[in-house]
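The block underneath contains the structure these notes are about, expressed in structure tokens.
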Amino acid sequence: MGIRFDSVTVAYGNTVVLDALDLTVEPGEVMALLGPSGSGKTTALRAVAGFVRPASGRVFLGDRDVTDLPPYRRGIGMVVQQYALFPHMRVEDNVAFGLKARKVARGEIRQRVAEALDMTGMAAYARRHPRELSGGQQQRVAIARALAVRPDVLLLDEPLSALDARLRSGMLAELARLHRELPDVSILYVTHDQVEALTLADRIAVMDRARLQACGTPQELYRAPANEFTASFVGNANLLPVTVGSGGVVFGGIELKMDTAGAVAGAGATLCIRPHLIGLGDGPNRLTGTVGDIQWRGATHRLSVEVAGHVVTADVRELTDPPANGAEVTLHFAPGDASLLPAGVGHD
Amino acid sequence: MLVHSRTGKWAVWLVFLVLFLPLFALPLLVILAASFAGHWSSVLPSGFTTAHYTAATRGEALQALTTSLVTAVTASLLALAVGTWAALAAHAAPKPVRRVLDTLFVLPVAVPSVVVGLAVLVAFSQPPLLLNGTRWIVIVAHTVLVTAFAHQSVSAAITRLDPAYEQAAASLGARPSYVLWRVRLPLLLPSLSAAAGLCFALSMGELSATMMLYPPDWTPLPVLIYAATDRGALFAGSAVAVVLMTATLIVLLAVSRVRTKASYR
Chain A
1 MGIRFDSVTV AYGNTVVLDA LDLTVEPGEV MALLGPSGSG KTTALRAVAG FVRPASGRVF
61 LGDRDVTDLP PYRRGIGMVV QQYALFPHMR VEDNVAFGLK ARKVARGEIR QRVAEALDMT
121 GMAAYARRHP RELSGGQQQR VAIARALAVR PDVLLLDEPL SALDARLRSG MLAELARLHR
181 ELPDVSILYV THDQVEALTL ADRIAVMDRA RLQACGTPQE LYRAPANEFT ASFVGNANLL
241 PVTVGSGGVV FGGIELKMDT AGAVAGAGAT LCIRPHLIGL GDGPNRLTGT VGDIQWRGAT
301 HRLSVEVAGH VVTADVRELT DPPANGAEVT LHFAPGDASL LPAGVGHD
Chain B
1 MLVHSRTGKW AVWLVFLVLF LPLFALPLLV ILAASFAGHW SSVLPSGFTT AHYTAATRGE
61 ALQALTTSLV TAVTASLLAL AVGTWAALAA HAAPKPVRRV LDTLFVLPVA VPSVVVGLAV
121 LVAFSQPPLL LNGTRWIVIV AHTVLVTAFA HQSVSAAITR LDPAYEQAAA SLGARPSYVL
181 WRVRLPLLLP SLSAAAGLCF ALSMGELSAT MMLYPPDWTP LPVLIYAATD RGALFAGSAV
241 AVVLMTATLI VLLAVSRVRT KASYR
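These protein sequence lines map, in sequence, to chains A and B.
Taking full-length UniProt numbering as reference, the numbering of the first sequence is continuous, increasing by one, and the terminal residue is 348.
Taking full-length UniProt numbering as reference, the numbering of the second sequence is continuous, increasing by one, and the terminal residue is 265.
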């Protein structure tokens, strides 16, 4: 079953926290809502769950308009950042909660609880209380609890934020596996972490300032971002103000070759280039500047180079002889790796 | 106040003992000593006797103890039910309504209990609700007096309750009533039992409103203690007071055991 936002607006008093969101999540699709805090992504999820009421617009689950339905009649599964496991119930009772509330027959409850716990690898912990579990285990129980009711739609609100980095990547793989096992479940995944979104999502909806900024597959958003916010939030692109010329652009007096199709010569634009696509040394498109900062990151060095008054970030393979701060270096990138965005639209 | 040095800790303990002993513990110990005394004419009591206890645990006194226990249990359960209900309703209501309700429930604390007693007396002395002369007027007065405390402590607990629990429950398909009985009330149980204990203790010791209302066949213990001291039987009164204290403490201990079992975090 899919999810459809039809021009959903949510406001608290005079503050609009979600501005006319139009978005469709296809049946069986994983849609990540990606954005910084305050971007409206959690509000959108809570509008689907029924915990916030849109000021205008409708929310659909499948063909059903659920805008006026209370949360308990929507048939969703939800996992939140702090898990919210019921502390007075054992793991098995937590997982059985939704089934008991829906008056499922007792024999079937037992079977479905066992199934959900198996699926999340928590069968051995059925008799424990939540306080006796680690964060990662609590997370699995929360997921099992949501899956036990066999929802058509699974809402995940920053489900991995409370876990440490190592657990997070493990759980990310688990979530991907769960989705392969449950191909019909649509997942709305709210996160501020681009890695989670890029790894897990079929499509990503990038949110900022209560608005949908861009929506597309991870590859589309990464390779050809539609605007500056998307470019910088997904993959931390370098954004350089340029003037469009013929067969290239001009950045601070430096001529750079690239595809300028669709741009008007003489107009201002923003050049977008990923840090890992910039190399150190001579090449086709040269940027010469002084090193402002250099960080060793194991396999790579991150160089922050000041070029014509702008900081260009480059991730290069680990250097045996890294330049010193203040040294003059030359960077280059291939013409095909850069893309051109309209200048400064909607974001600073 | 947190003190970490060794001498500092000793000093704090010393100050605590100097202040606490005379103010809180000694008067209670004096009552305990007096309850066993035949005479008390010098510094220490003399003529050790258990006769007062023999009197304090049978006949009129035993009757009064039962009366007090029944009154306190009934009043605190009623107060807990009404107070919790009101607190839950107020929490769900819009803010102005909540404020009015909260104020309404603080009134019995703000108003002197004598006034509450008089109010109950006047209100229930005529048909259609003629309770004067029955035990119910005492129970009603106690309920009115202690509901305020029940409401306040439950209300505070509800505000502290993380809404994530009830939202998780609702998202799993549980109706509001199911969420109330299976999630919210169990999570509130520690606070509910604390409130019940408080109400019980307050009701066990209530005198001023009770004095105006109690019928001859429903004499709670505090009234008996007052009557005993009034006629000069201080030692007999002390024994009854110790019985009252002990009974209250036993119940409070039992309630606190429930609370320990019911707290999860």
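Note that beta-carbon positions come from the ideal geometry of N, C-alpha and C, so glycine has one too.
Cutting at 7 Å between CB atoms, please list the residues of its own chain near E166/B, excluding the five before and the five after it.
Here the question's residue 166/B lines up with position 166 in the second sequence. For E166/B, same chain residues with a beta-carbon under 7 Å away, outside a window of 5 residues either side, are V179, V183, R184 in chain order.
Span of the alpha helix (DSSP H), counted from its first residue to its last, around Y165/B:
Here residue 165/B refers to the residue found at position 165 of the second sequence. Unbroken alpha helix (DSSP H) run through Y165/B: 163-171.
Give me the residue from L234/B, F235/B, T210/B, L161/B with the minimum Cα distance to H91/B.
Here residue 91/B refers to the residue found at position 91 when the second sequence is read from its first residue. Of the candidates L234/B, F235/B, T210/B, L161/B, L161/B places its Cα closest to the Cα of H91/B.
For R58/A and chain B, any beta-carbon pair shorter than 7 Å?
The count along the first sequence starts at 1 and reaches residue 58/A at position 58. No Cβ of chain B is located within less than 7 Å of the beta carbon of R58/A.
Contact check, A142/A vs V195/A under 8 Å by CB: the rounded distance?
In the first sequence, counting from the first residue as 1, residue 142/A sits at position 142. In the first sequence, counting from the first residue as 1, residue 195/A sits at position 195. Actually they do not touch by this definition, with Cβ atoms about 21 Å apart.
Contact set between the stretch 102-119 of chain A and chain B, restricted to residues whose Cβ is under 9 Å from the partner
Correct list: R102.
Using only alpha-carbon positions, find the residue among T67/B, L29/B, K9/B that is nearest to L224/B.
What you label residue 224/B is simply residue 224 of the second sequence in a count that begins at 1. Ranking T67/B, L29/B, K9/B by Cα distance to L224/B puts T67/B first.
Quick one: grab the DSSP three-state call for S56/A.
Your numbering for residue 56/A matches position 56 in the first sequence. Strand, per DSSP.
Do L207/B and P222/B count as a contact pair if the criterion is CB distance below 7 Å?
By one-based count along the second sequence, residue 222/B stands at place 222. By one-based count along the second sequence, residue 207/B stands at place 207. Yes. Within cutoff.
Taking just the CA atoms, how far does E306/A sit from G289/A?
For the purposes of this step, residue 289/A is identified with residue 289 of the first sequence, where counting begins at 1. For the purposes of this step, residue 306/A is identified with residue 306 of the first sequence, where counting begins at 1. Between the alpha carbons of G289/A and E306/A lies a gap of roughly 5 Å.
Can you have a look at G197/B and say buried or exposed, based on whether 16 or more other CB atoms are within 10 angstroms of its CB?
The sequence position of residue 197/B within the second sequence is 197, counting from 1. G197/B should be labelled buried.
Are there 16 or more other CB atoms within 10 angstroms of the CB of A176/A, so buried, or fewer, so exposed?
As a position in the first sequence, residue 176/A is number 176, starting the count at 1. Classification of A176/A: exposed, given that the 10 Å Cβ count is below 16.
Are there 16 or more other CB atoms within 10 angstroms of the CB of V100/B, so buried, or fewer, so exposed?
Locating residue 100/B in the second sequence gives position 100, counting from the first residue. V100/B comes out exposed.
Consult DSSP for E306/A and reduce its assignment to one of helix, strand or coil.
Within the first sequence, the letter at position 306 stands for residue 306/A. It is a strand residue.
Would you report the Cα separation of A239/B and V109/B, rounded to the nearest angstrom?
In the second sequence, the residue the question calls residue 239/B occupies position 239. In the second sequence, the residue the question calls residue 109/B occupies position 109. Taking the straight line joining both Cα atoms gives about 30 Å.
Would DSSP call P216/B helix, strand or coil?
Numbered from 1 along the second sequence, position 216 holds the residue referred to as residue 216/B. Here P216/B sits in coil by DSSP.
Taking C-beta pairs closer than 8 Å, name the residues in chain A that V154/B reaches, listed in chain order.
Here residue 154/B is taken as the residue at index 154 of the second sequence, counted from 1. Correct list: empty, because the minimum Cβ distance to chain A is about 17 Å.
Mind reading off the beta-carbon distance from L33/A to L256/A? Whole number of angstroms is fine, and I expect it under 8 Å.
Locating residue 33/A in the first sequence gives position 33, where the first residue counts as 1. Locating residue 256/A in the first sequence gives position 256, where the first residue counts as 1. That belief does not hold up - the Cβ atoms of L33/A and L256/A are roughly 35 Å apart, past 8 Å.
Neighbourhood of E108/A by C-beta distance below 8 Å, restricted to the same chain and skipping five residues each side:
Reading the first sequence from its first residue, position 108 is the one you call residue 108/A. Closer than 8 Å at Cβ, skipping near neighbours: L99.
For the beta strand (DSSP E) that contains F333/A, what are its first and last residues?
Residue mapping note: residue 333/A aligns to position 333 of the first sequence, counting from 1. First-last of the beta strand (DSSP E) with F333/A: 328-333.
For A84/A, return the contacting residues in chain B, with the cut-off set at a CB-CB distance below 8 Å.
What you label residue 84/A is simply residue 84 of the first sequence in a count that begins at 1. Chain-ordered, the chain B residues with CB closer than 8 Å to the CB of A84/A read D162, A164, Y165, Q167, A168.
Do you know whose CA, among T159/B, P128/B, V242/B, lies nearest L88/B's CA?
Locating residue 88/B in the second sequence gives position 88, where the first residue counts as 1. Considering only alpha carbons, the answer is T159/B.
Between L240/A and A231/A, how many whole angstroms is the CB-CB distance? I'm expecting something under 8 Å.
The count along the first sequence starts at 1 and reaches residue 240/A at position 240. The count along the first sequence starts at 1 and reaches residue 231/A at position 231. Their Cβ separation, rounded to whole angstroms, is 11 Å, which puts L240/A and A231/A out of contact at 8 Å.
I'd like the span of the alpha helix (DSSP H) that includes F20/B, first residue to last.
Counting from one through the second sequence, the residue named residue 20/B turns up at place 20. 6-20 is the span of the alpha helix (DSSP H), which, as asked, contains F20/B.
Evaluate the contact criterion for the stretch 248-259 of chain B versus the stretch 187-196 of chain B: three or more CB pairs, one atom per stretch, below 8 Å.
With a cut-off of 8 Å, the stretch 187-196 of chain B and the stretch 248-259 of chain B count as touching, because enough Cβ pairs lie within range.
State the Cα-Cα distance for the pair V345/A and Q213/A, rounded to the nearest angstrom.
Looking up residue 345/A in the first sequence gives position 345. Looking up residue 213/A in the first sequence gives position 213. Summary for V345/A: the model assigns pLDDT 47, below 50, so the residue's position carries little reliability; its value from the coordinates is reported in the next sentence. Roughly 11 Å between the two C-alpha positions.
Is the CB of S171/B under 7 Å away from at least one CB in chain A?
The count along the second sequence starts at 1 and reaches residue 171/B at position 171. Interface flag for S171/B against chain A is set, since a Cβ pair is found closer than 7 Å.
Let me confirm a value: S7/A is counted as buried when at least 16 other C-beta atoms fall within 10 Å, else exposed. Which label applies?
Here residue 7/A corresponds to residue number 7 of the first sequence, with the count starting at 1. Burial call: exposed.
Residue from V82/B, F200/B, V115/B with nearest C-alpha to T248/B
If you number the second sequence from 1, residue 248/B lands on position 248. Of V82/B, F200/B, V115/B, the smallest CA-CA separation from T248/B is found for F200/B.
CA-CA distance, L107/B and Q81/A?
Along the second sequence, one-based indexing puts residue 107/B at 107. Along the first sequence, one-based indexing puts residue 81/A at 81. Roughly 41 Å separates the two Cα atoms.
Taking the Cβ atom as the reference point for each residue, do V116/B and V144/B lie within a distance shorter than 7 Å?
Walking along the second sequence from the start, residue 116/B turns up at place 116. Walking along the second sequence from the start, residue 144/B turns up at place 144. Their beta carbons are under 7 Å apart, which means V116/B touches V144/B by this criterion.
So W40/B is in the beta strand (DSSP E); what residue range does that whole segment cover?
Counting from one through the second sequence, the residue named residue 40/B turns up at place 40. Element bounds for W40/B: n/a, residue is neither H nor E.
CA nearest to the CA of R302/A, picked from G309/A, L331/A, R286/A, V16/A
Within the first sequence, residue 302/A is the residue found at index 302, counting from 1. With distances taken between CA atoms, R302/A lies nearest to L331/A out of G309/A, L331/A, R286/A, V16/A.
For G98/A, return the contacting residues in chain B, with the cut-off set at a CB-CB distance below 9 Å.
Residue mapping note: residue 98/A aligns to position 98 of the first sequence, counting from 1. In chain order: A169, S171, L172, G173, A174.
First through last residue of the alpha helix (DSSP H) which encompasses T103/B
As a position in the second sequence, residue 103/B is number 103, starting the count at 1. Where T103/B is concerned, the enclosing alpha helix (DSSP H) stretches over 95-110.
Would you verify that the beta carbon of P190/B is, or is not, closer than 7 Å to some beta carbon of chain A?
Along the second sequence, one-based indexing puts residue 190/B at 190. Contacts with chain A at 7 Å (Cβ-Cβ) do not include P190/B.
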